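In this note's numbering, the protein residues as written are 76 to 240. All C-beta atoms in this analysis are idealised placements derived from N, C-alpha and C, irrespective of residue type, glycine included. A quick note: this is a predicted structure, and the numbers were derived from the prediction, not measured. To keep things clear, I will list the structure first and then write my remarks on it.
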Ligand SMILES: Cc1cc2nc3c(=O)[nH]c(=O)nc-3n(C[C@H](O)[C@H](O)[C@H](O)COP(=O)(O)O)c2cc1C
């Protein structure tokens with residue numbers, strides 16, 4: 076099984092969760108991990124707010140969009156203004172060859188209702204690009220990122236579910 080792990084993180088919480096997912100996914104097969112980044116320097120709050128509404132304008136640093144060679148795709152998504160952070164939204168609009176793939180979306184957030192709305196948006200975006208075998212979600216409140224027991228359980232449950240799908 077070959078896995079692709081793609082995430083964005085501004086404050087570091089999603090990056091931390093991604094590194095824990097990487098450990099779990101490596102046990103299932105080779106895992107390629109990529110951090111979504113802005114080309115050049117990190118933009119401030121004002122441009123990031125602009126990109127929240129116009130994610131197609133995000134100047135993304137190069138990252139693989141073709142998921143054809145992977146069996147499982149894991150996306151690390153910080154919730155920002157009720158949506159994925161803009162680099163993730165841009166990635167969602169460009170990733171392809173996702174037919175029959177297992178997809179895990181983990182969302183790092185502060186307000187659960189907002190994270191659920193965001194996941195629905197992510198799911199709709201992915202379904203525009205193809206027909207994944209399954210799209211699973213894992214919700215991680217940012218306050219629980221350092222809660223080892225919580226995180227291990229959340230990750231192992233969703234990874235097992237994806238692998239058995
Ligand atoms: C400007 C800003 C807007 C945010 N908007 C939301 C939101 O709409 N819904 C939510 O659940 N969390 C929201 N959050 C909380 C973030 O999802 C949380 O801080 C998360 O840890 C960010 O991920 P990161 O540490 O990987 O950058 C927001 C945080 C900031 C700073």
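Asked                                                                                                                             : Found
Cβ-based neighbour list, residue 209, same chain, cut-off 6 Å, excluding 5 preceding and 5 following                              : 177 and 240
Whole-number beta carbon distance between residue 220 and residue 78, since they are thought to touch under 8 Å                   : No, residue 78 and residue 220 are not in contact; Cβ-Cβ is about 21 Å, not under 8 Å.
Exposure label - residue 165; buried when at least 16 CB within 10 Å                                                              : buried
Coarse secondary structure for residue 238, derived from DSSP in three states                                                     : helix
Where the beta strand (DSSP E) containing residue 97 begins and where it ends                                                     : It is not in any beta strand (DSSP E) - residue 97 instead sits in the alpha helix (DSSP H) that spans 88-101.
Bounding residues of the alpha helix (DSSP H) (the contiguous stretch that carries residue 31)                                    : No answer is possible for residue 31: it lies beyond the span of the chain, which begins at 76 and ends at 240.
Beta-carbon proximity check, residue 147 vs residue 229, cutoff 8 Å                                                               : no
DSSP beta-bridge partners of residue 213                                                                                          : 181
For residue 110, the residue or residues it bridges with in DSSP                                                                  : 82
Start and end residues, beta strand (DSSP E) containing residue 242                                                               : One cannot answer for residue 242 here, as it falls past the ends of the chain, which runs 76 to 240.
Nearest neighbour of residue 179, chosen from 123, 222 and 145 [CA to CA]                                                         : 145
Cβ-heavy atom distance, residue 94 to ligand 1, below 7 Å                                                                         : no
Chain-order list of residues whose beta-carbon lies under 7 Å from that of residue 127 (same chain, five-residue window excluded) : 155, 156, 158 and 161
Reduced DSSP category for residue 38 - H, G, I as helix; E, B as strand; rest coil                                                : Outside the shown range of the chain, which is 76 to 240, sits residue 38, and nothing can be said about it.
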